[in-house]
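Chains as they are written, first to last, in UniProt numbering: chain E, 1 to 149; chain U, 1 to 576.
Here a beta-carbon is modelled for each residue, glycine too, at the ideal position from N, C-alpha and C.
Structure, as structure tokens:
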């Protein structure tokens with residue numbers, strides 16, 4: 001099936017003017033499948049790490065949200081060990097007016113501001129709430145261990 | 001056999017039938033069964049029409065009736081506000097059909113309220129298709145020059161195709177109706193009905209409208225959908241939430257499902273909703289483990305941690321609070337002096353206290369288990385009664401083939417099963433109710449009623465399980481009987497005024513097939529069956545009466561605040 005105009009335009013814009021700290025490259029053989037790299041935001045425990053993600057635009061896109069998953073291991077209360085992300089705009093708050101760029105920016109923001117009150121990884125969230133300092137240290141260690149090239 | 005014999009038979013039939021209608025009719029509320037009972041032309045029993053204290057008024061509504069209500073309400077409000085019915089409907093939905101509040105608020109701030117509800121009163125501002133030069137749809141990135149576009153009053157403009165796509169997805173896939181918002185991220189403006197109508201295909205519009213209709217029932221406190229699978233009826237019942245402390249509003253849907261209007265669970269008379277909730281929570285907590293704990297552990301006297309002793313000496317040190325005590329007497333270890341590993345002390349004050357505390361918690365557990373076991377037992381028996389129903393169906397066929405009883409006349413067995421099941425459910429819930437009652441004279445009365453019903457139920461159950469002498473159930477079960485194979489006794493019935501449609505026999509076979517050689521044993525069997533029937537009817541009537549007495553008295557007691565409760569109605573925590 002021909003690629004919808006929306007996806008072509010979005011891809012063009014993403015390549016022409018990428019968002020800072022984010023890169024998204026479509027596969028040659030499947031233009032709905034993107035390799036994404038988000039660099040850890042400054043002043044976050046993920047600073048200095050490059051996190052790989054995969055992003056897929058389903059058939060119904062943009063009426064349905066893209067599917068996004070972390071490939072790099074990360075210690076974060078809203079991301080589980082399979083890399084699945086708990087983010088409202090990827091679920092019920094999705095609007096077709098949102099884009100790949102806005103989704104990735106939201107994920108970057110989630111790295112800066114973890115939300116242990118709405119956890120996906122319960123053990124991590126517990127850790128974060130009980131001893132934030134210690135949890136942040138663990139997140140730093142994981143970043144150093146898994147997210148450095 | 002002479003014609004006279006049959007006349008006798010006929011008279012017998014009639015007598016029994018009349019009895020049947022006396023005992024059997026008053027609780028029926030579905031017309032179908034009345035048919036069977038009415039064949040004796042018994043006088044109508046007066047108390048059939050009298051509402052019992054544990055019954056509530058309710059109405060079953062079909063979808064059409066619900067549509068009619070809404071149309072009426074909408075027309076009324078549209079008349080007062082002077083707006084289109086569609087707008088009135090949207091406003092009403094936003095206000096959850098609270099007319100008074102809507103009118104009051106609307107009179108204060110018509111524009112603000114309409115905007116919040118997603119209503120565009122001003123026809124000029126109503127979203128309409130427009131072709132905008134140089135516009136590119138932010139969703140599909142289409143920029144065709146002749147593309148139709150649409151924007152709600154928030155001015156977020158998108159193309160028609162995207163809107164159609166979006167609304168299809170929301171309505172058909174996600175089942176949303178009232179709260180569909182503008183496509184722009186974070187915009188809270190609601191897509192109004194008229195806009196939906198403009199954009200979507202007729203079949204999607206139909207679904208949208210039916211979803212809107214459903215919200216009427218969901219929003220109303222006096223209406224509930226019947227929770228049975230695939231049931232299309234809604235029940236209307238005007239019961240205030242504070243009344244739920246006094247009565248269990250059991251309603252019966254047209255589909256036959258009986259449930260509590262208060263909490264939606266299957267009928268749980270006579271135990272009120274809040275106690276049912278506490279009880280089920282309690283059962284989920286500790287019904288199974290409680291047994292084991294009671295048999296195998298003791299509690300630390302200081303911190304009440306449960307401790308299992310799996311070896312070692314009697315000098316216990318609680319892992320949690322470090323309290324040292326003796327496993328045998330539960331007194332503090334320090335009192336044991338040098339008599340280590342051997343407890344022969346009994347009278348020390350501290351150890352008496354300790355044993356008291358333990359006895360108390362043991363007692364609480366035992367008390368719970370007493371009620372739980374009986375509750376679970378009735379539940380289990382009720383489950384088994386589906387088996388009983390099956391067996392009864394076989395018995396009913398066997399009865400028809402071995403005696404002169406007709407299809408209608410053997411229905412007493414099925415009815416008895418229904419009564420049995422209903423009463424078992426009632427009994428089951430009396431135990432959870434009794435668990436929360438404090439011990440006083442009133443409770444003793446309640447338990448008397450409970451015991452009477454229980455005995456009546458067990459008697460009836462036993463009678464129903466008992467094999468019928470002379471009726472070979474096994475052979476009937478093995479060979480399915482077709483109407484033609486059935487011995488033709490139906491002419492007796494026809495004479496007794498049974499509607500002829502009930503008789504499946506062609507009239508040619510209605511001659512008596514009995515030969516004198518088998519008439520003697522079959523007369524005996526006949527007698528014993530009639531005898532049994534009488535017994536079942538008696539016992540069934542008695543069970544019904546006991547159930548009514550219990551339910552009426554319990555409900556009246558709740559109204560009069562006669563029952564002492566040993567539970568905090570807010571937290572569900574038991575008093576000591």
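Could you work out which residue in the options is closest to residue i when comparing CA atoms only?
| i | options | result |
| --- | --- | --- |
| residue 524/U | 196/U, 134/U, 468/U, 253/U | 468/U |
| residue 543/U | 81/U, 88/U, 453/U, 152/U | 453/U |
| residue 87/E | 105/E, 140/E, 4/E | 105/E |
| residue 172/U | 211/U, 283/U, 91/U, 110/U | 211/U |
| residue 76/E | 107/E, 28/E, 13/E | 107/E |
| residue 125/U | 135/U, 133/U, 111/U, 136/U | 111/U |
| residue 435/U | 353/U, 572/U, 179/U | 572/U |
| residue 313/U | 322/U, 169/U, 328/U, 300/U | 328/U |
| residue 58/U | 105/U, 252/U, 417/U, 146/U | 252/U |
| residue 267/U | 69/U, 425/U, 568/U | 425/U |
| residue 21/E | 95/E, 38/E, 3/E, 118/E | 38/E |
| residue 58/E | 3/E, 24/E, 110/E | 3/E |
| residue 527/U | 423/U, 404/U, 554/U, 556/U | 404/U |
| residue 159/U | 188/U, 178/U, 129/U | 129/U |
| residue 541/U | 416/U, 421/U, 279/U, 142/U | 416/U |
Got a sec? Which residues, its chain only, sit under 7 Å from residue i by beta carbon, not counting five neighbours each side?
| i | result |
| --- | --- |
| residue 255/U | 226, 228, 231, 233 |
| residue 6/E | 62 |
| residue 47/E | 40, 41 |
| residue 86/U | 193, 194 |
| residue 448/U | none |
| residue 197/U | 205 |
| residue 297/U | 306, 307, 308 |
| residue 486/U | Low confidence applies here, because residue 486/U scores a pLDDT of 42, under 50, leaving its location unreliable; read the following figure in that light. Excluding positions up to five away in sequence, the list reads 400, 401. |
| residue 249/U | 56, 237, 239, 260, 261, 262 |
| residue 414/U | 392, 396 |
| residue 134/U | none |
| residue 114/E | 76, 77, 78, 128 |
Ends of the alpha helix (DSSP H) at residue i?
| i | result |
| --- | --- |
| residue 227/U | Counting along the chain, residue 227/U falls outside any alpha helix (DSSP H), and DSSP gives it neither H nor E. |
| residue 579/U | Summary: the structure shown does not reach residue 579/U, with chain U confined to residues 1 through 576, and so no result is reported for it. |
| residue 110/E | 100-112 |
| residue 455/U | 441-465 |
| residue 165/U | 160-168 |
| residue 129/E | 122-130 |
| residue 195/U | 193-199 |
Once you ignore the five residues that flank residue i on each side, which residues in its own chain have a CB closer than 8 Å to its CB?
| i | result |
| --- | --- |
| residue 102/E | 89 |
| residue 323/U | 300, 301, 302, 303, 317, 332 |
Taking the beta strand (DSSP E) that residue i belongs to, which residues open and close that run?
| i | result |
| --- | --- |
| residue 35/E | 33-39 |
| residue 151/U | 148-151 |
| residue 60/U | 59-61 |
| residue 68/E | 67-70 |
| residue 50/E | 50-56 |
| residue 215/U | Here residue 215/U belongs to no beta strand (DSSP E); instead the alpha helix (DSSP H) covers 202-219. |
| residue 412/U | Run containing residue 412/U: none in the beta strand (DSSP E); it sits in the alpha helix (DSSP H), 411-435. |
| residue 26/E | 22-26 |
| residue 234/U | 234-236 |
So, at 6 Å on beta carbons, what are the nonlocal neighbours of residue i in its own chain, with the 5 sequence-adjacent residues on each side left out?
| i | result |
| --- | --- |
| residue 558/U | 246 |
| residue 166/U | 183 |
| residue 320/U | 303, 305 |
| residue 428/U | 375, 378, 379 |
| residue 564/U | 438, 440 |
| residue 551/U | 54, 269, 270 |
| residue 431/U | 371, 374, 375 |
| residue 600/U | The structure shown has nothing for residue 600/U, since chain U only spans 1 to 576. |
| residue 31/E | 3 |
| residue 36/U | Residue placement at residue 36/U is flagged as unreliable, the pLDDT there being 40, under the threshold of 50; the coordinate-derived value follows with that caveat. Contacts found: 408, 411. |
| residue 140/E | 45 |
For residue i, return the contacting residues in chain A, with the cut-off set at a CB-CB distance below 7 Å.
| i | result |
| --- | --- |
| residue 63/E | The structure shown has no chain A; the protein chains it does contain are E and U. |
### Task
Report the residues of the UniProt domain "RING-type" (137-182) of chain U with a CB closer than 7 Å to any CB of chain E, ordered along the chain.
138, 139, 140, 141, 142, 162, 165, 166, 169
### Task
Name, going along the chain, the residues of the region 201-220 of chain U whose beta-carbon falls closer than 9 Å to a beta-carbon of chain E.
none
### Message
Three or more C-beta pairs under 8 Å: does that hold for the region 208-224 of chain U against the region 121-132 of chain E?
### Response
no
### Query
Just by C-beta distance, which residues in the region 103-117 of chain E are closer than 7 Å to chain U?
none
### Task
Please confirm if the region 444-464 of chain U is in contact with the region 530-540 of chain U, defined as three or more CB-CB distances below 8 Å between the two stretches.
yes
### Message
Whether or not the region 234-242 of chain U and the region 198-211 of chain U are in contact is what I'm after, with contact meaning three or more pairs of Cβ atoms, one per stretch, closer than 8 Å; do they touch?
### Response
no
### Task
With 9 Å as the limit, tell me which residues of the region 409-443 of chain U have their beta carbon closer than that to any beta carbon of chain E; keep them in chain order.
none
### Task
Assess, as a yes-or-no matter, whether the region 150-160 of chain U is touched by the region 4-20 of chain E under the definition of 3 or more beta carbon pairs within less than 8 Å.
no
### Message
Give me the subset of the region 81-97 of chain E whose CB atoms are less than 7 Å from a CB atom of chain U, sorted by chain position.
### Response
95, 96, 97
### Message
Residues of the region 184-197 of chain U in Cβ contact with chain E at a cutoff of 7 Å, in chain order, please.
### Response
184, 185
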